[in-house]
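Okay, so here's the structure we're looking at.
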Amino acid sequence: MLNPILFTSFIIYILALLIGFKIAKKDKHAHNKKLYKKFKWPLYALIYLIFISSTIIIYKAQQIQPLLTFTLSLNALFIGYFSAFTFKQTRCWKQHRMIPYNFILIPVIYACSVVLGDIRINYMVLLISAYTLLEFQFAMFSYKQKLIWD
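One point on numbering: in the working numbering, the residue at position 34 of the sequence shown is 52, and numbering is uninterrupted.
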């Protein structure tokens, strides 16, 4: 059965991703040179806000439902992996890892909201979407490119 909250969360995330790719599409190089340095550290702050919030939410849900221990462990491992390499890698490296992380995080957030009995937890999808919109306005997406986006 289709869950309207989870479905809406995915729609919001996918729309944010598509809108982010569309922003300033005609002149992405100039847009990147002019604005990315200004947004770089606030974007990192937003990423780590998502990491910290998700860890706290999963931890609280794990206390009620011990099966979420595995999810909490995977979340911690990803945060460690991302933190160890993100400052040494390119912006594209970061973007390529955050899309699947956020995509997987959405149903995890929903599951935690069900376990904790608090629907407001699903508002975290708006935080994820804000990050996605801000980050991917700097990504260049094209089917003609070898890597699709860089």
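Cβ coordinates follow ideal geometry from the N, Cα and C atoms, glycine included.
Since the structure is predicted, the reported quantities are computational estimates derived from the model, not experimental observations.
- The Cβ atoms of Ser71 and Leu145 lie closer than 8 Å to each other.
- In this structure Asn140 is in contact with Tyr128, their Cβ atoms being roughly 6 Å apart against a cut-off of 8 Å.
- Beyond the five residues adjoining it in sequence on each side, Leu90 comes within less than 8 Å, by CB distance, of Thr73, Ile76, Tyr77, Gln80 in the same chain, given in chain order.
- Residue burial is scored here from C-beta neighbours: Ser101 has fewer than 16 other C-beta atoms within 10 angstroms and is therefore classed as exposed.
- Residue environment for Gly135: exposed (fewer than 16 other C-beta atoms within 10 angstroms of its C-beta).
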